[in-house]
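Quick note, the sequence shown lines up with residues 1 to 365 if you use UniProt numbering.
Quick notes on the structure that follows.
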Amino acid sequence: MSPTARPLCLDEYEHLARARLPADVFDYVFGGSDDECSLRDSRRAFDAWWLRPSVLVDVARCDTSVELLGTRLEHPLGVAPMAYQALAHPDGEVATARAAGALGGLMVVSTMASRTLEDVAAAATGPLWFQVYCFRERAVTTALIRRAEAAGYKALVLTVDTPRLGRRMRDMRSGFGLPAHVRAANFDASVTAALGARASGESGIASHASRDFDPSLTWEAVEWVRSVSRLPVLLKGVLTAEDTARAVAAGVDGVIVSNHGGRQLDGAIPPLEALPEVVATAKGRCEVLMDGGIRRGTDVLKAVALGAKAVLVGRPVYWGLAAGGEEGVGHLLSLLREELALALALAGRPSLPSLDASVLRRRTF
Numbered sequence: 001m002s003p004t005a006r007p008l009c010l011d012e013y014e015h016l017a018r019a020r021l022p023a024d025v026f027d028y029v030f031g032g033s034d035d036e037c038s039l040r041d042s043r044r045a046f047d048a049w050w051l052r053p054s055v056l057v058d059v060a061r062c063d064t065s066v067e068l069l070g071t072r073l074e075h076p077l078g079v080a081p082m083a084y085q086a087l088a089h090p091d092g093e094v095a096t097a098r099a100a101g102a103l104g105g106l107m108v109v110s111t112m113a114s115r116t117l118e119d120v121a122a123a124a125t126g127p128l129w130f131q132v133y134c135f136r137e138r139a140v141t142t143a144l145i146r147r148a149e150a151a152g153y154k155a156l157v158l159t160v161d162t163p164r165l166g167r168r169m170r171d172m173r174s175g176f177g178l179p180a181h182v183r184a185a186n187f188d189a190s191v192t193a194a195l196g197a198r199a200s201g202e203s204g205i206a207s208h209a210s211r212d213f214d215p216s217l218t219w220e221a222v223e224w225v226r227s228v229s230r231l232p233v234l235l236k237g238v239l240t241a242e243d244t245a246r247a248v249a250a251g252v253d254g255v256i257v258s259n260h261g262g263r264q265l266d267g268a269i270p271p272l273e274a275l276p277e278v279v280a281t282a283k284g285r286c287e288v289l290m291d292g293g294i295r296r297g298t299d300v301l302k303a304v305a306l307g308a309k310a311v312l313v314g315r316p317v318y319w320g321l322a323a324g325g326e327e328g329v330g331h332l333l334s335l336l337r338e339e340l341a342l343a344l345a346l347a348g349r350p351s352l353p354s355l356d357a358s359v360l361r362r363r364t365f
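What follows is the structure, encoded as structure tokens:
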């Protein structure tokens, strides 16, 4: 990708990805559930806030670094767990891990990655967390956790908002299933054969989840995960004060405020809107992160001002992969980091700890 042809913002990467990916793959990555209200609302939530800049502040140097679970990161931008990244580029999660690490950032690796968790760890130069789905057969989940520990992952991210998969109509219309060259690399191919099934009105991804994911998951699962691993545990998919209180009581190390990219319960509260009540309930007793709708450095600023320690970026990373592999992801993340540094300077807040809700005001028109 020549410097003159590089996109200037994340949305331009979306246009490149749309042109380069097969239509059914783009829809799988881009789409939400049902009427896609949650997908749209996650983005619109950022537009509901004005910024209140302070002037005559020394912003000769703006510090974007943050400490997360005892690890110092150069910026508060992590890569959200996303499955089957080889759909976008042959190197898949390996390319993403290299790009994220080169920029001093964090990557959360999906259980359903298209490269093994060991291959991703071997390529990574930055911290990795492992995203965990609980399967009906607990032994399957235990084995994955053990492998993640052995490979050097630093934390476990238990996804708790997926007892059943949301009704993703784009995938149903295309009869989406994984192409032959992409597989869930952490599993034996015979176990995940349903992922490649194609049938009109059905999704191979949903068929596999219905068969293998545990729909009876309760708060007992948090205690169980903590009992089988020494790694810190975060819950991904928390949107309410009540569940935050339960998570704190269960002894988790963090929560990720998320509506699963608008792919689960349509009409659920946008993560940015849920963030203040989660932060107020957590009271610093666990880390609070957020994902959903991040497209600009000012979005990151708003999330941090409302109490998030860091944010995770999802779909845009896929777009960067489709546009230029490792280089595309690296450039996309660097754009977001540079926008954040500029936003801090123009807002008169030269570091992340200097951000709080006083930099925001609700939009009135």
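All residues carry an ideal CB built from backbone N, CA and C; glycine is no exception.
As the structure is a computational prediction, the values presented were derived from the model and not from experiment.
In the three-state reduction of the DSSP assignment, Gln264 falls in the coil class. With distances taken between CA atoms, Leu56 lies nearest to Ala345 out of Ser358, Ser351, Cys9, Ala345.
Taking 9 Å as the cut-off, the Cβ atoms of Leu321 and Ala45 do not count as close. A distance of 9 Å or more separates the beta carbons of Leu77 and Ala148.
Annotation for Gly78: the continuous beta strand (DSSP E) segment containing it runs 77-79.
Using a Cβ distance threshold of 9 Å, Val278 and Val252 do not count as a contacting pair. Approximately 16 Å separates the beta-carbon atoms of Gly101 and Ala80; this is outside 8 Å, ruling out the contact.
Counting along the chain, Met290 sits inside the beta strand (DSSP E) bounded by residues 287-291. For Val248, the enclosing alpha helix (DSSP H) stretches over residues 241-249. Within 10 angstroms of the beta-carbon of Arg61 lie fewer than 16 other beta-carbons, which makes it exposed. Judged by DSSP secondary structure, Lys236 falls outside any alpha helix (DSSP H) and instead within the beta strand (DSSP E) spanning 233-238.
Beyond the five residues adjoining it in sequence on each side, Lys154 comes within less than 8 Å, by CB distance, of Leu69, Thr71, Pro127, Leu128, Trp129, Leu231, Pro232 in the same chain, given in chain order. Contact between Ser33 and Gly166 holds, since their C-beta atoms are separated by about 3 Å, short of 8 Å. The alpha-carbon of Val160 is positioned some 6 Å away from that of Lys236. Fewer than three pairs of CB atoms, one per stretch, sit closer than 8 Å, so the stretch 112-119 makes no contact with the stretch 266-281. Cβ-Cβ distances below 7 Å link Ala151 to Leu117, Glu118, Ala121 in the same chain, with the five nearest sequence neighbours on each side left out; the list follows chain order.
Annotated as distal: Ala209 and Thr142, with beta-carbon spacing of 9 Å or more.
Sixteen is the threshold: when 16 or more other Cβ atoms of the shown chains lie within 10 Å of the Cβ of Leu156, as they do, the residue is buried. Non-local beta-carbon contacts of Leu275 in its own chain, meaning distances under 8 Å to residues more than five positions away in sequence, involve Val257, Val288, Met290, Ala303, Leu306, Gly307, Ala308 in chain order.
Closest by C-alpha distance to Met107, out of Leu312, Leu39, Val59, Ala17, is Leu312.
The beta carbon of Gly261 sits closer than 6 Å to the beta carbons of Gly314 from its chain, once the five residues preceding and following it are set aside; these are given in chain order.
Taking the C-beta atoms as reference points, Tyr318 is found nearer than 9 Å to Ala88. For the pair Leu336 and Val300, the CB atoms are nearer than the 9 Å cut-off.
Taken in chain order, the whole beta strand (DSSP E) runs of length 3 or more contained in the stretch 123-151 are 128-132.
Runs of the beta strand (DSSP E) lying entirely within the stretch 30-56 and spanning at least 3 residues, in chain order: 49-51. If the five residues before and after Cys9 are omitted, its C-beta is found closer than 7 Å to the C-beta atoms of Leu335, all from its own chain and listed in chain order. Arg295 is not a Cβ neighbour of Asp212, given a cutoff of 9 Å.
Each residue's CA atom was taken as its position, placing Ala185 and Leu51 some 44 Å apart. Counting only residues of its own chain and dropping the five nearest sequence neighbours on each side, Asp63 has a CB closer than 6 Å to the CB of Ser351. Pairing Asp27 with Phe176 gives a Cβ-Cβ distance under 9 Å. Under DSSP, Arg362 takes part in a beta bridge, and its partners are Trp49.
Separation of the CB atoms of Leu333 and Ala86 is rounded to 19 Å, and the pair is thereby denied contact status at 8 Å. Rounded to the nearest whole angstrom, the C-alpha separation of Gly105 and Glu93 is 14 Å. When only Cα atoms are considered, Ser65 and Ala310 end up about 10 Å apart. In the three-state reduction of the DSSP assignment, Leu21 falls in the coil class. Just so you know, the alpha carbons of Arg138 and Trp219 end up roughly 15 Å apart.
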